[in-house]
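Residue numbers (our numbering): 1 to 391. Glycine residues also receive a C-beta, built at the ideal position from the N, C-alpha and C atoms. Here's the structure we're looking at; comments come further down.
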Ligand code: 0PR
C-alpha cells in the first residue's frame, strides 16, 4: 500500500499499535522457523549497549574520540581472535562492505595490474558486487570434490593481471573452508593480495579449535593473508549492522583512504565506504566481545555444533535424502538422489520452514536461536515430506 505523510502526526501509542500489527507477518528467530539465515536474534546485552550509543557517528571521529577508540579496541579483539592483535580495520555495515573494502585495497595496491580477481565458484555474491563497482573481472575457479577452491585450477588461472585471490573460510552454501595455506603460497609466489572471507567462519573456527577440533589454518597465521572479513552480526550475535574488515598492516588500509578536511571534530581520513556510520554498532561489538569473552563464544559454538550433529544424524536416518557433504561448521546441505530437491524445499516452505535453496541442495544454518525441539520438528517434517513425495 502506498502511504502519504500526514499533515498531523498520530500519537505514539497509535503508531506503536499499528506497528505491532504490521510487523506480525515477519518471521521471527524465536519461532525456530528460520533455518536458512546466517543472522540471529542479537544478544540481550549487545542490544542494551547499542541503545546507549545511538547518537555516535564514527564518520566524525573527532566528535566521538571515545567511541572511535572502542572501535579500535574491538578491531584489536577481533584481531587477537584471528591471530593478529595489531590488525587495522573497521566495524562496517556487513560482510558485503568488508569484502568490497578488501578488493578496493587490493586493486589500489596493485597499481599497474588492475583487472582480475580469482574467487572460488562458491564465493558470496558480494564479490560480484565488488567487481562491478571496482571495474574488476572475477575469475571463478572450479571446486574440488570437497567443494573447496581447486588449487591446481587456481594456479592455472593466475595471470599478470591478477590483483587478488579470495579464499573463503566458511562458504555461504556449505560452510566449507578453502585451502588457505596453498592459496597463500600462490599469492606469495606471485606477489598477489590474498583476502579471506571468514564472514561466517571467523566467529566459529577459532572456537572449534579451542574445543579440540582439528581446524585448518585460515587466518593471519598464514603468512600470505593480507585481509580478513569477519562478521559480528552473524555468529558474533551482534545487532545488525556489524561486519568486520581487518588488514594486516596500516598501509593496506590507507590505500583506500579519502581525506575529509572540514569536519566539526577536525579533519580526518575515511577508510570505509560509508561517511556517517553507526558508532552504536561498533560499541555494541566491543561490549559483547568484552562480556562473552572466548569462553562465552566457545559455549555458543559448542552448542550449535552439537545441534548440527543431531541434525546430521537425523538426516542420515531418513531414506531418500542425504548430506551434500560432511559439515565442517554449523551449516548443513541436504540433497537427494531420489527427488528434485526444489520440490522438497517447496514443501518444507509450505509447512512454514524458512530454509535456503541452492541449485542442488537445501541449506540449513544452525544458528544460536535454534533449539533441539526445532530440529526434532524439522526432521519429522522432512521425513513426512519425503514420504509424501514418494506417494
Ligand atoms: N561472505 C559470506 C561468506 C557470506 O555468507 C555473506 C552473507 C557475506 C559475505 C555478506 O555478508 P552481509 O550479508 O553481511 O553483507 N551471507 C548470508 C547469506 O547469503 C547473508 C544472509 C544473512 C542472507 C541472513 C539471508 C539471511 O536471512 O546467506
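Could you give the C-beta distance for residue i and residue j, rounded to a whole number, given that I count them as a contact under 8 Å?
i, j, result
"residue 253", "residue 94", "In fact, because the Cβ distance is near 18 Å, the residues do not count as touching under 8 Å."
"residue 298", "residue 210", "6 Å"
"residue 180", "residue 217", "6 Å"
"residue 127", "residue 99", "6 Å"
"residue 219", "residue 83", "5 Å"
"residue 270", "residue 257", "7 Å"
"residue 74", "residue 274", "Actually they are not in contact, since the Cβ atoms of residue 74 and residue 274 sit about 17 Å apart, beyond 8 Å."
Quick one: Cα of residue i to Cα of residue j, how far?
i, j, result
"residue 318", "residue 203", "31 Å"
"residue 159", "residue 335", "36 Å"
"residue 366", "residue 38", "9 Å"
"residue 222", "residue 184", "7 Å"
"residue 161", "residue 143", "22 Å"
"residue 246", "residue 53", "23 Å"
"residue 310", "residue 357", "21 Å"
"residue 327", "residue 262", "51 Å"
"residue 337", "residue 361", "11 Å"
"residue 277", "residue 233", "16 Å"
"residue 303", "residue 368", "8 Å"
"residue 206", "residue 238", "18 Å"
"residue 377", "residue 343", "19 Å"
"residue 36", "residue 386", "19 Å"
"residue 4", "residue 18", "15 Å"
"residue 384", "residue 243", "38 Å"
"residue 354", "residue 267", "47 Å"
"residue 57", "residue 279", "5 Å"
"residue 189", "residue 316", "43 Å"
"residue 312", "residue 124", "24 Å"
"residue 333", "residue 132", "29 Å"
"residue 13", "residue 148", "53 Å"
"residue 111", "residue 155", "22 Å"
"residue 6", "residue 321", "54 Å"
"residue 118", "residue 212", "32 Å"
"residue 51", "residue 339", "48 Å"
"residue 70", "residue 77", "10 Å"
"residue 114", "residue 214", "38 Å"
"residue 296", "residue 43", "12 Å"
"residue 28", "residue 379", "20 Å"
"residue 22", "residue 314", "37 Å"
"residue 10", "residue 20", "15 Å"
"residue 325", "residue 225", "27 Å"
"residue 8", "residue 79", "50 Å"
Determine the DSSP secondary structure at residue i, reduced to helix, strand or coil.
i, result
"residue 156", "helix"
"residue 87", "coil"
"residue 318", "coil"
"residue 341", "helix"
"residue 263", "coil"
"residue 176", "coil"
"residue 253", "helix"
"residue 120", "strand"
"residue 29", "coil"
"residue 195", "strand"
"residue 137", "strand"
"residue 243", "strand"
"residue 187", "helix"
"residue 151", "helix"
"residue 16", "helix"
"residue 23", "helix"
"residue 358", "strand"
"residue 331", "strand"
Looking at residue j and residue i, is the spacing between their C-beta atoms short of 9 Å?
i, j, result
"residue 135", "residue 169", "no"
"residue 176", "residue 103", "no"
"residue 293", "residue 65", "no"
"residue 235", "residue 301", "yes"
"residue 248", "residue 227", "yes"
"residue 139", "residue 167", "no"
"residue 101", "residue 251", "no"
"residue 192", "residue 151", "no"
"residue 284", "residue 49", "yes"
"residue 331", "residue 363", "yes"
"residue 346", "residue 388", "no"
"residue 122", "residue 174", "yes"
"residue 41", "residue 26", "no"
"residue 92", "residue 272", "yes"
"residue 116", "residue 129", "no"
"residue 46", "residue 287", "yes"
"residue 395", "residue 32", "Outside the displayed span of the chain (1 to 391) sits residue 395, for which this structure offers no information."
"residue 474", "residue 172", "Missing from the structure shown is residue 474; the chain here goes from 1 to 391 and no further."
"residue 329", "residue 208", "yes"
Please report whether the beta-carbon of residue i lies at a distance below 9 Å from any beta-carbon of chain C.
i, result
"residue 187", "Checking the listed chains, one finds no chain C in this structure; it contains a single protein chain."
Quiz prompt | Continuous beta strand (DSSP E) assignments of at least 3 residues falling wholly in the stretch 268–324 | solution = 268–270
Self-check item: Minimum length 3: unbroken beta strand (DSSP E) runs contained in the stretch 28–115
Solution: 88–92
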